[in-house]
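Position one of the sequence shown corresponds to residue 9 (this note's numbering), numbered consecutively onward.
Even for Gly, the Cβ is constructed at its ideal location relative to N, Cα and C.
Let me begin by presenting the structure, written as structure tokens, before commenting on it.
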Amino acid sequence: MEAAIRQGINQVRQQNGLQPLQNNEKLTQVARNYSHQMAQKKFFSHTGADGSTLRDRVRAGRINYWMVGENLFTSTNVPQPVPAAIKGWMNSPGHRANILRPVFRETGVGIWRVGNTYYMTQLFLRQ
Numbered sequence: 009m010e011a012a013i014r015q016g017i018n019q020v021r022q023q024n025g026l027q028p029l030q031n032n033e034k035l036t037q038v039a040r041n042y043s044h045q046m047a048q049k050k051f052f053s054h055t056g057a058d059g060s061t062l063r064d065r066v067r068a069g070r071i072n073y074w075m076v077g078e079n080l081f082t083s084t085n086v087p088q089p090v091p092a093a094i095k096g097w098m099n100s101p102g103h104r105a106n107i108l109r110p111v112f113r114e115t116g117v118g119i120w121r122v123g124n125t126y127y128m129t130q131l132f133l134r135q
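Structure follows, in structure tokens:
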């Protein structure tokens, strides 16, 4: 599913004349850890249960960056959560801006599932 989100987002970027994002495994781990934290602590926010920000989490993953962005999505009982996430992000101005921001070069997608609920985090990065 993580790869499917990357592929779907890259398809959208290419349709808009942008370069595809390269997968960054360290960023993927930060994203996956955050999705897990949201699922485990039952919250959904860009601010962590511990008060951490996106920048805090990326720095804790020992990733240097110039610019970073984050898209979050959660769904319950959705038969196809990947297309739902991409559609939801594209219909939200702030999330769409992250996807179509030309400055971003790398991405990491992390998904955590609990029962029929998915927590999805996509991070965007320019080093």
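Endpoints, alpha helix (DSSP H) assigned at residue i
| i | result |
| --- | --- |
| Leu108 | 101–108 |
| Asn18 | 10–23 |
| Gly59 | That residue, Gly59, is in no alpha helix (DSSP H); it is neither H nor E in DSSP. |
Cβ-based burial, residue i [other Cβ within 10 Å; buried from 16]
| i | result |
| --- | --- |
| Ser53 | exposed |
| Gly77 | buried |
| Val90 | buried |
| Met128 | buried |
Residue i, enclosing beta strand (DSSP E) - first and last residue
| i | result |
| --- | --- |
| Tyr126 | 125–134 |
| Thr36 | Where Thr36 is concerned, there is no enclosing beta strand (DSSP E), although the alpha helix (DSSP H) it sits in stretches over 33–49. |
| Gly116 | 114–122 |
| Gly96 | Unbroken run through Gly96 is the alpha helix (DSSP H), 89–98; no beta strand (DSSP E). |
Option nearest residue i by Cα separation, candidates the options
| i | options | result |
| --- | --- | --- |
| Ile98 | Met9, Ala11, Glu10, Asn18 | The sequence given here places Met at residue 98; Ile does not occur at that position. Of Met9, Ala11, Glu10, Asn18, the residue nearest in Cα terms is Asn18. |
| Gly123 | Asn85, Arg134, Gly116 | Asn85 |
| His103 | Leu80, Arg121, Asn24 | Leu80 |
| Ile71 | Pro101, Phe51, Thr115 | Thr115 |
| Leu35 | Arg14, Phe51, Gly25 | Arg14 |
Assumed close pair residue i, residue j - CB separation to whole angstroms, cut-off 8 Å
| i | j | result |
| --- | --- | --- |
| Ala39 | Leu133 | Actually they are not in contact, since the Cβ atoms of Ala39 and Leu133 sit about 10 Å apart, beyond 8 Å. |
Beta carbon proximity, residue i to chain B, threshold 7 Å
| i | result |
| --- | --- |
| Gly59 | Within the model displayed, chain B is absent; a lone protein chain is all it includes. |
Between the segment 64–74 and the segment 12–31, are three or more C-beta pairs nearer than 8 Å? Judged by Cβ distances under 8 Å, the segment 64–74 makes no contact with the segment 12–31, as fewer than three pairs qualify.
I'd like to know if the segment 43–50 and the segment 104–116 are in contact, where contact means that at least 3 CB-CB pairs between them fall below 8 Å. They do not touch, by the three-pair rule.
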